[in-house]
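Undergrad: First residue of the sequence shown? That's 2 in the working numbering, and the numbers climb one at a time after it.
No residue lacks a Cβ here, since even glycine has one placed at the ideal position from N, Cα and C.
Every value quoted in this text rests on a predicted model; they were computed, and no experiment measured them.
The structure follows.
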Amino acid sequence: MSSANIIEQAKRSAAFAAVDKHVDSTVRVLGIGSGSTVVYAAERLVQLKKEGKLNPDLLCVPTSFQSKQLIVEAGLRAADLDDLPVLDPESADFSSIDVTIDGADEVDAKLNAIKGGGGAHLREKLVANASRKLVLIADSRKDSETLGTKWDKGIPVEVSPLAWRTIKRQLERMAPLSRAHGLAKAESAAFSFDHPQAVLRQAVRKAGPVVTDNGNFILDVSVGSIYDPLAVEQLIKMVPGVIEVGIFSGMAKEAWFGNEDGSIVCRE
Ligand code: 5RP
2 MSSANIIEQA KRSAAFAAVD KHVDSTVRVL GIGSGSTVVY AAERLVQLKK
52 EGKLNPDLLC VPTSFQSKQL IVEAGLRAAD LDDLPVLDPE SADFSSIDVT
102 IDGADEVDAK LNAIKGGGGA HLREKLVANA SRKLVLIADS RKDSETLGTK
152 WDKGIPVEVS PLAWRTIKRQ LERMAPLSRA HGLAKAESAA FSFDHPQAVL
202 RQAVRKAGPV VTDNGNFILD VSVGSIYDPL AVEQLIKMVP GVIEVGIFSG
252 MAKEAWFGNE DGSIVCRE
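Set out below in structure tokens:
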């Protein structure tokens with residue numbers, strides 16, 4: 002098998018295992034993430050549907066146009082997040098989704114994640130935030146001790162096209178701020194670079210900026226190793242014009258990684 006096929010097989014094993022553990026007939030509302038690994042989750046959902054193992058009233062909440070396509074092609078019913086009632090009106094929990102299964106670009110030892118390689122992290126975060134459980138699926142290349150050490154394309158940051166250059170400049174001056182604001186751990190910075198770099202994501206062959214499903218641009222912000230994901234997420238979010246940051250701190254409950262030898266690791 003070619004190495005590309007081995008990686009695809011690893012993603013597929015992780016996706017199938019996560020769906021098998023979390024999706025049964027008791028699940029009424031399911032969040033569907035975006036990216037190439039989630040395609041395999043959809044494949045497994047089609048099989049379970051054929052076997053009559055899904056809730057007949059199952060609603061699936063998409064996180065992108067791609068994800069909506071997957072839902073429709075799988076013969077499942079798509080629902081908009083804001084049209085759903087909360088699952089438990091008697092409690093303080095505002096979740097309207099039982100479980101969301103999504104991919105990731107890198108996941109650290111505490112299940113903090115970088116997402117947005119496909120530019121869908123705004124809706125992915127909205128859906129994750131409204132879910133009782135966020136379950137991540139990936140091949141083992143994404144399994145990391147510290148964010149920023151394996152994913153080398155930077156933190157995806159969705160920004161307003163109105164001021165992307167100004168936002169870029171501000172993000173590139175973040176290092177001194179990360180210390181001055183005291184957001185980082187007392188003795189160190191939240192990330193390793195002294196000079197972060199923010200690059201406007203371009204379409205193939207420099208055919209202009211990538212435009213997200215929401216009509217915005219993406220800056221990929223390289224900060225080196227991320228020692229304090231929550232601090233970095235907050236620091237970037239504070240910049241006016243930043244719409245969403247592709248750091249998901251403390252959101253995931255579980256991550257499944259497929260290994261090249263066919264085995265699967267689940268971390269919780
Ligand atoms: C899209 C995402 C994806 O889930 C992430 O990029 C992983 O994608 P893939 O499964 O193709 O590796 O966050 O915004």
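What is the DSSP secondary structure of K134, counted as helix, strand or coil?
TA: K134 falls in the strand class under three-state DSSP.
Undergrad: Under three-state DSSP, which class holds F192?
TA: Note: F192 maps to strand in three-state DSSP.
Undergrad: Roughly how many whole angstroms lie between the Cα atoms of A187 and A256?
TA: With a pLDDT of only 48 at A187, under the threshold of 50, the placement of this residue in the model should not be trusted, and no figure is reported.
Undergrad: Please classify S264 as buried or exposed, where buried requires at least 16 other C-beta atoms within 10 Å of its C-beta.
TA: S264 should be labelled exposed.
Undergrad: Using only alpha-carbon positions, find the residue among A75, L135, S26 that is nearest to P57.
TA: The shortest Cα separation from P57 among A75, L135, S26 belongs to S26.
Undergrad: Can you tell which of A18, L59, V243, T38 has its C-alpha closest to the C-alpha of S161?
TA: The candidate whose alpha carbon is nearest that of S161 is V243.
Undergrad: V28 and L71: beta carbons closer than 8 Å?
TA: Contact flag unset, no.
Undergrad: Where DSSP assigns a beta bridge to P63, which residues make up the other side?
TA: Its beta-bridge partners are I33.
Undergrad: Does the region 98-105 come within contact of the region 37-53, defined as at least 3 CB pairs closer than 8 Å?
TA: A contact exists between the region 98-105 and the region 37-53.
Undergrad: Could you spell out where the alpha helix (DSSP H) holding I244 opens and where it closes?
TA: Note, I244: premise wrong, no alpha helix (DSSP H); beta strand (DSSP E) at 243-246.
Undergrad: Would you kindly work out how many angstroms separate the C-alpha atoms of V100 and V136, rounded to a whole number?
TA: One C-alpha to the other measures close to 7 Å.
Undergrad: Answer with buried or exposed for V205, where buried requires no fewer than 16 other C-beta atoms within 10 angstroms of its C-beta.
TA: The residue in question, V205, is exposed, as its Cβ has fewer than 16 Cβ neighbours within 10 Å.
Undergrad: Assign K12 to buried or exposed, taking buried as 16 or more other Cβ atoms, counted over all protein chains shown, within 10 Å of its Cβ.
TA: So K12 ends up on the buried side.
Undergrad: Going by the CB atoms, is the gap between V128 and V222 shorter than 8 Å?
TA: Against a cut-off of 8 Å, the Cβ pair of V128 and V222 comes out as no contact.
Undergrad: At a Cβ threshold of 8 Å, is S161 touching chain C?
TA: Reference to chain C is not applicable here, since this structure consists of a single protein chain.
Undergrad: Ignoring anything shorter than 3 residues, give me the beta strand (DSSP E) runs that lie fully in the region 103-177, in order along the chain.
TA: Qualifying beta strand (DSSP E) stretches, in chain order: 132-140, 156-160.
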